[in-house]
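This report refers to the structure that appears directly beneath it.
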Amino acid sequence: MGIKAEKFDIRPVLTGDLKAISARISTNADEPAVVLIVDRATPEALDALGKSIEMLAHVFSQNMQKAGQETIDQIVSLFLPQVPVSSNLMREAQMLAKAKKAVLESGDWVTASDIAKLGEFTTNNPSSGPNKWKRHNRLFAIRHNGSDYFPVYGLDNDAAYRPLPAMREVINILATKKNSWGMAYWFASVSSLLGGKRPQDLLVTDPQRVIEAAMDEVAGITHG
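FYI, numbering that gives the first Met the number 0 numbers position 101 of the sequence shown as 100, with every residue one higher than the one before it.
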């Protein structure tokens with residue numbers, strides 16, 4: 000079904016976190032809006048994206064007002080995929096969503112603030128420790144809803160919740176082929192190389208086997 004030509008106004012695009020944007024919106028809740036959520040963007044990049052979208056929206060609005068129905072349909076087609084999403088892609092998306100859900104519901108993930116409380120950090124910025132560990136590959140984090148979550152299984156509760164020594168080496172190995180979510184799936188998956196156990200279960204008791212399993216995983220990706 001085609002889209003009919005109509006006139007509508009574009010208000011300035013708002014960028015920032017959802018809470019801040021909600022506070023800045025003074026219109027009625029039932030007024031139409033378009034929301035685009037972006038993961039891991041700097042304020043500068045987010046601002047540039049917002050300005051680009053606003054410019055594109057104004058062009059679209061102007062063309063909607065003056066163009067015929069055929070032209071409107073051509074404009075709309077620019078925003079559509081070239082072909083419908085295949086069932087294989089849908090299955091892959093569903094599997095990925097299921098895997099992420101399992102990771103998030105495992106109870107193995109904590110925020111930097113949680114780690115600071117567990118380790119009783121006394122600095123002015125207690126969250127700086129976990130963030131520094133992430134930068135130096137001593138620990139990794141998954142990103143969800145704008146926040147970083149760290150694996151509690153990568154921390155040594157006998158050493159004031161600092162990263163386990165093996166984590167740096169395992170992360171350095173996996174990082175050559177996997178992003179943080181890929182690492183999360185790997186740590187949580189049973190491995191035949193580890194006797195049917197998960198890598199996260201052996202980080203304390205048999206870290207060398209976990210390191211070897213990580214090397215095998217990367218080698219398998221490279222050759223297979």
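Don't be surprised by glycine CBs; every beta carbon is placed ideally from N, CA and C.
All of these numbers come straight from a predicted model, not from anything done at the bench.
message = Since residue 108 and residue 169 should fall inside the 8 Å C-beta cutoff, what is the C-beta to C-beta distance between them, to a whole number of angstroms?
response = What you label residue 108 is simply residue 109 of the sequence shown in a count that begins at 1. What you label residue 169 is simply residue 170 of the sequence shown in a count that begins at 1. Contact doesn't hold; Cβ gap of about 17 Å is too wide.
query = DSSP on residue 99, reduced to helix/strand/coil?
reply = In the sequence shown, the residue the question calls residue 99 occupies position 100. Looking at residue 99 - three-state DSSP - the assignment turns out to be helix.
inquiry  = Which of the three DSSP states is assigned to residue 196 in this structure?
reply    = What you label residue 196 is simply residue 197 of the sequence shown in a count that begins at 1. The answer is strand: DSSP assigns residue 196 an E or B state.
query = Contact between the segment 107-123 and the segment 135-150: three or more CB pairs below 8 Å?
reply = Cβ pair count under 8 Å is three or more, so yes.
query = For the segment 78-97 against the segment 113-125, are there 3 or more C-beta pairs whose distance is under 8 Å?
reply = no
ask   = Between the beta-carbon of residue 206 and the beta-carbon of residue 165, is there less than 8 Å?
value = Position 207 of the sequence shown, counted from the first residue, corresponds to residue 206. Position 166 of the sequence shown, counted from the first residue, corresponds to residue 165. Contact: yes.
message = Assuming residue 142 is part of the alpha helix (DSSP H), what are its boundary residues?
response = Against the sequence shown, residue 142 aligns to sequence position 143. No alpha helix (DSSP H) contains residue 142, which is instead part of the beta strand (DSSP E) from 141-143.
ask   = residue 30: which of 39, 40, 42 and 10 sits nearest, CA to CA?
value = For the purposes of this step, residue 30 is taken as residue 31 along the sequence shown, with counting starting at 1. Considering only alpha carbons, the answer is 10.
query = Does DSSP put residue 184 in a helix, in a strand, or in coil?
reply = As a working note, residue 184 is residue 185 in the sequence shown. Here residue 184 sits in helix by DSSP.
inquiry  = For a quick check, are the C-beta atoms of residue 201 and residue 192 less than 8 Å apart?
reply    = Here residue 201 corresponds to residue number 202 of the sequence shown, with the count starting at 1. Here residue 192 corresponds to residue number 193 of the sequence shown, with the count starting at 1. Result no, Cβ atoms of residue 201 and residue 192 do not sit closer than 8 Å.
ask   = Does the Cβ-Cβ distance between residue 196 and residue 203 come in under 8 Å?
value = Walking along the sequence shown from the start, residue 196 turns up at place 197. Walking along the sequence shown from the start, residue 203 turns up at place 204. Result no, Cβ atoms of residue 196 and residue 203 do not sit closer than 8 Å.
request  = Below 7 Å CB to CB, which residues in the same chain sit around residue 143 once its five sequence neighbours on both sides are set aside?
outcome  = Indexing the sequence shown from 1 puts residue 143 at position 144. Answer for residue 143: 103, listed in chain order.
According to DSSP, residues forming a beta bridge with residue 155 = On the sequence shown, residue 155 is found 156 positions in, with the first residue counted as 1. Note: residue 155 sits in a beta bridge opposite 161.
ask   = How big is the Cα-Cα spacing for residue 118 and residue 162?
value = On the sequence shown, position 119 is the one that residue 118 refers to. On the sequence shown, position 163 is the one that residue 162 refers to. When rounded, the distance between both Cα atoms is 11 Å.
Member of 215, 217, 98 and 56 whose CA lies at the smallest distance from the CA of residue 184 = Here residue 184 refers to the residue found at position 185 when the sequence shown is read from its first residue. The residue with the shortest Cα to Cα distance from residue 184 is 98.
inquiry  = Quick check: residue 213 and residue 173, are their CB atoms within less than 8 Å of each other?
reply    = In the sequence shown, the residue the question calls residue 213 occupies position 214. In the sequence shown, the residue the question calls residue 173 occupies position 174. Against a cut-off of 8 Å, the Cβ pair of residue 173 and residue 213 comes out as a contact.
ask   = For the alpha helix (DSSP H) that residue 147 lies in, which residues bound it at each end?
value = Translated into the one-based positions of the sequence shown, residue 147 becomes position 148. Careful: residue 147 lies outside any alpha helix (DSSP H), inside the beta strand (DSSP E) at 146-150.
request  = Pull up the CB-CB distance for residue 34 and residue 48, whole angstroms please, since I reckon it's below 8 Å.
outcome  = Residue numbering aside, residue 34 sits at position 35 when the sequence shown is read from its first letter. Residue numbering aside, residue 48 sits at position 49 when the sequence shown is read from its first letter. Going by Cβ atoms, the distance from residue 34 to residue 48 rounds to 13 Å, so no, they are not a contact pair.
key: Contact under 8 Å by Cβ, residue 243 with residue 123   = Residue coverage of the chain in this structure runs from 0 to 223, which leaves residue 243 outside it and unanswerable.
task = For residue 160, I'd like the list of residues in its chain whose CB is within less than 8 Å of its CB, leaving aside the five on either flank, ordered along the chain.
result = Your numbering for residue 160 matches position 161 in the sequence shown. Cβ neighbours of residue 160 beyond the five flanking positions: 114, 117, 118 and 154.
ask   = Do you know offhand how far residue 125's Cα is from residue 131's?
value = Here residue 125 refers to the residue found at position 126 when the sequence shown is read from its first residue. Here residue 131 refers to the residue found at position 132 when the sequence shown is read from its first residue. Distance between the alpha carbons of residue 125 and residue 131: 11 Å.
query = Just the Cα atoms here: how many angstroms apart are residue 179 and residue 91?
reply = Position 180 of the sequence shown, counted from the first residue, corresponds to residue 179. Position 92 of the sequence shown, counted from the first residue, corresponds to residue 91. Cα to Cα, residue 179 sits roughly 18 Å from residue 91.
query = In terms of residues, what are the limits of the alpha helix (DSSP H) holding residue 13?
reply = As a working note, residue 13 is residue 14 in the sequence shown. From DSSP, residue 13 is part of no alpha helix (DSSP H); its letter is neither H nor E.
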